[in-house]
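One structure below.
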Amino acid sequence: MLAYYLRLAATSFRRTPGLTALMVCAIALGIGACIVTLTVYHAMSGNPIWWKNNVLYAVTMDSWDPAQPFDTDRPALAPPQLTYRDATYLMTSSIPKHKAIMTQLLGMLSGAPGQRAPVPVMTRATTGDFFPMFAVPFQFGGGWDAAADRGPQPVIVLSHAENEKLFGGIDSVGRTILWNGRQFRIVGVLADWEPVPRFYDVVNNPFAGPEDAYVPFNWGPALQELPAGPSSGWGSQPVQSYQDFINDEDVWIEMWVELPTAASRARMLAFMNSYWAAQRKDGRFQRPLNNHLTNVGDWLQVNHVVNDDNSILLRLAFAFLAVCLINTVGILLAKFLRRSSVTGLLRALGASRGQVFCQHLVEVAVIATLGAAVGLLLGVIGLKAVEALYTAASAMDAGSTNYVALTHFDPIGIGWALGLAVLSTVAAGLYPAWAIGRLPPSRYLKSQ
Amino acid sequence: MMSLNVRPVLSALFRNRTGAILVALEIAIALAVMVNAAWIIAQRIQQMERPAGFDVRDTFAIGVAALTSRSDLGAAQREDLAYLRSLPGVIAAAATSSVPLSGYGQGGSISQRPGPRAPSVDERSMQVDESALAALGIRVIAGRAFSATDIQPLSHDIFAGAPAALITQSLARKLFPDGNALGKPIYGGDNNTPMTVVGITNDFMGSVWGSPSYYTVLYPQTPGSFGDYFCLVRTQPGKTEALMRTAQRHLAISNPDRVVIVAQTLEYYHRRLAAENRAVVIFLTLVTALILSVTCLGIFGLTTFNVSTRTRQIGTMRAVGARKRDVVAHFLIENAIVLAIGGLAGCTLALGVGYWLSDQYQLPRLDLRYLAFGLVTLAVIGQLAAWQPARRAAAIPPSVATRTV
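As given, the protein sequences belong to chains A and B, one line each in that order. Under my numbering, the final residue of the first sequence carries the number 458; numbering is consecutive throughout. Under my numbering, the final residue of the second sequence carries the number 422; numbering is consecutive throughout.
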């Protein structure tokens, strides 16, 4: 029966090739636009560590200026970073399973075999738990322990790409390299790791990709390195030296904790609140209590990681798809109605309503599948165009958005888009197929 | 004549209401999308056309960072500037702490009163030497520029104020709405040390993160407090790229105490600023155009279908005395009714979407002139789309009425 319906559909397409092509094109364009916007949106709004979403928390405390909120547009938010004083105190807690503080430093790597000039690399200064907590995969070696954090010991972890560049991809663990003119021992090389977005640091561009080198956090203060990313202060006191900077109310440190149970979350928050109360007595924290543990998904949302343009374009693409589908419903209805004398004949010869319905639905499904296939192709072309458009504009720019990762054609997102396409077109075809089956055959046999 | 035509049109319309409703729905969505897209496009183009305020062409930036915290950036800077100025083709070379439009730079808040509680304005700041204005092609429109004696030595105090400052016209107007800013004290950094406004420059954009701003402050101070500095180099036209490569090669090896972190033309940063907006404009225009064409196809299809299913009625109309143009009018009026219903629904939808956009994304409220313009455009295009099938209907001869098939 299906083969017969398919043959009927083919005959119908041959009779009106223009109309059929038009419907396929309209659906394809709608789907293509949706695929482009959905892919970028999906990548931007992705949660690269979703399986730990409910155990990883960003720690924030509102230590800001009593006179005005950190963000005047959203006064309820605490600053996204902590002061040195608060971060180092919170790190003494033994409540979290894992805990890490971090900032971005500019590092100069030199002294690799055959290297002529030092190369600047973005470096994450963090504590040893960073690697197990964020499930960072290693190609060689591993992270460092608490003793290395305390020292700080001169240990460094390189990214896969940096190890390729400096050591040609060999196992460089155990070798030494100069970081900002000092000898560091390589203890680990990461495997390819590209969390999109870089959830643990949304203060810097979250789409710039992870850093190329990792050193213990305390090297920042030990070498008096100022953070390379944003640090914000409100001028609570004059800052004359690096010591003033780290003692001041400047916020520049991100902190993450892993809290596996609701009880540990409550204990951590209580720990933060009691610290807050004690510090408040000493004259700090004059703003209302605003301590927060925010999970990864909420953190990305609160910090507006998906930019407004993308969500507007996504909705626009869906509006376009809707128009295309409405158009298809109209065309199908007209087409089926025009053929109603044939349908009437079929009904008179004994075809049931269900059979007429199925026959028309098969025709719709063929159009939907063709449209989805062409739409997929258009979507891929569109993504390449977007990638080219942006990459050309931001080439050779350290810290800029990695558009290749954002326009990466991901199968899950595409599956969604295609499923949506076929489903919506078939849904659009349901009404015309049903309407035509409902017509009494006699009316269409009588005249014309 | 018109009023006589409307009744048969309405009854004809009512007989095939599903098709008409679908097209009206398309028209409504198309109008809502078109009007709001045009409104967003207009905002973006306005943003893209805001002048940078400095000479974007013929200038490049080389950024240099200390290899260790012990590196002597002051000495390195003097050496680098002397080398850059010695290159044939270089017109001016200056050292700054920030590169306009690049994302490398500092910002803070500035106030016209001392103390932590004074109302302040967010600004982008630059530590500059006396050549920076020449390198960027920025004009002093009141007061004076910095001279070599104004420039403070390199300080590791990142909040250190300077005794003097240059501010842009916009910032001057913002800080001193009712008077002359020249010679007045302003407060930034630790909020207690006054700086005197010695000059006011034309508006130019500072380093960007977020949206570009004309609120820029220049401090006469040798840059380097942040562990890095930038050389801004103005060259003769056409020599920028080549000189940048030469300078980058030389600076990369001339001093092992510091490292070149970036070399880029200001033209590049300026292009990059517009790139995101340009992509949005392209996508919006493309999709809006497609929605309009699909809607026109819908109108065309509906009218064609109506004409082909009503051949006998049209023949009859003609046989009882309707002229060709009456037939055309019949279909155009029918289309106009669909357009009117769709347009009305579209207006509501467009206003709703506009309200939602301004609420959700802090866009300015939709300008109603855009809505009016969108309605007229859609009406004209919609009638044009129905024109051809209506003309074909008029060509049906009266004799069709007497035939049976």
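The beta carbon of each residue, even a glycine, is placed where N, CA and C say it ideally should be.
- MET334/B carries a helical assignment under DSSP once its states are collapsed to helix, strand and coil.
- Straight-line measurement puts the Cα of PHE295/A at about 7 Å from the Cα of GLN289/A.
- In the DSSP assignment, HIS302/A falls within the beta strand (DSSP E) that extends over 302 to 305.
- Collapsing the DSSP output to three states places HIS108/A in a strand.
- Taking 8 Å as the cut-off between beta carbons, none of the residues of the region 386 to 420 of chain B comes near chain A.
- By the criterion of a C-beta distance shorter than 7 Å, SER22/A is surrounded in its chain by GLU373, once the five residues flanking it on both sides are discounted.
- Remark: C-beta atoms of ARG74/B and GLU284/B approach each other more closely than 7 Å.
- Within chain A, the residues placing a beta-carbon under 9 Å from that of SER325/B are ALA344, ARG348, ordered along the chain.
- Between GLU351/B and ILE336/A, the C-beta spacing is not below 7 Å.
- Using a CB distance cut-off of 7 Å, ALA362/B does not count as an interface residue toward chain A.
- A contact between stretches requires three or more CB pairs, one per stretch, nearer than 8 Å, and the region 350 to 367 of chain A fails this requirement with the region 314 to 324 of chain A.
- Per DSSP, the beta bridge partners of GLU140/B are GLY125/B.
- TRP309/A is not bridged by DSSP to any residue.
- Residue state for ALA109/B is assigned as strand, using DSSP reduced to three classes.
- In the three-state scheme derived from DSSP, where H, G and I count as helix and E and B as strand, TRP229/A is classed as helix.
- Uninterrupted alpha helix (DSSP H) stretches at least 4 residues long and entirely within the region 174 to 216 of chain B occur at 186 to 192, given in chain order.
- Excluding five sequence positions before and after THR70/A, the CB atoms of its chain that fall closer than 6 Å to its own CB belong to ALA88, HIS302, given in chain order.
- Between MET132/A and VAL276/B, the C-beta spacing is not below 7 Å.
- A direct Cα-to-Cα measurement between MET33/A and THR328/B gives close to 25 Å.
- With respect to chain A, the C-beta atom of ILE184/B has no partner C-beta closer than 7 Å.
- In the DSSP annotation of this structure, the continuous segment of the beta strand (DSSP E) that includes ILE187/A starts and ends at 186 to 189.
- Using a C-beta cut-off of 8 Å, the region 370 to 386 of chain B makes no contact with the region 305 to 315 of chain B, since fewer than three inter-stretch Cβ pairs fall below that distance.
- For LEU383/B, there is no enclosing beta strand (DSSP E), as DSSP marks it with neither H nor E.
- ALA78/B carries a strand assignment under DSSP once its states are collapsed to helix, strand and coil.
- The Cβ-Cβ distance between ALA273/A and LEU371/A does not fall below 7 Å.
- Secondary structure note for ILE196/A: its beta strand (DSSP E) is the uninterrupted segment 192 to 200.
- In this chain, the beta strand (DSSP E) harbouring ARG251/B covers 245 to 252.
- With a threshold of 7 Å between beta carbons, ASP318/A makes contact with chain B.
- Note that the region 64 to 78 of chain A touches the region 89 to 96 of chain A; at least 3 beta-carbon pairs, one per stretch, sit closer than 8 Å.
- In the three-state scheme derived from DSSP, where H, G and I count as helix and E and B as strand, ILE413/B is classed as coil.
- Contact fails between the region 24 to 39 of chain B and the region 365 to 382 of chain B, because fewer than three Cβ pairs, one in each stretch, are under 8 Å apart.
- Shortest Cα-Cα distance from TYR51/A to any of GLU235/A, GLN311/A, GLN78/A involves GLN311/A.
- Boundaries of the alpha helix (DSSP H) around LEU319/B: 283 to 326.
- Close CB contacts of TYR99/A within its chain, under the 7 Å cut and outside five residues either way in sequence, are with TYR285 (chain order).
- Against chain B, a Cβ distance below 7 Å from CYS334/A picks out VAL311.
- Using beta-carbon distances, PRO130/A counts as an interface residue toward chain B, with a partner under 7 Å.
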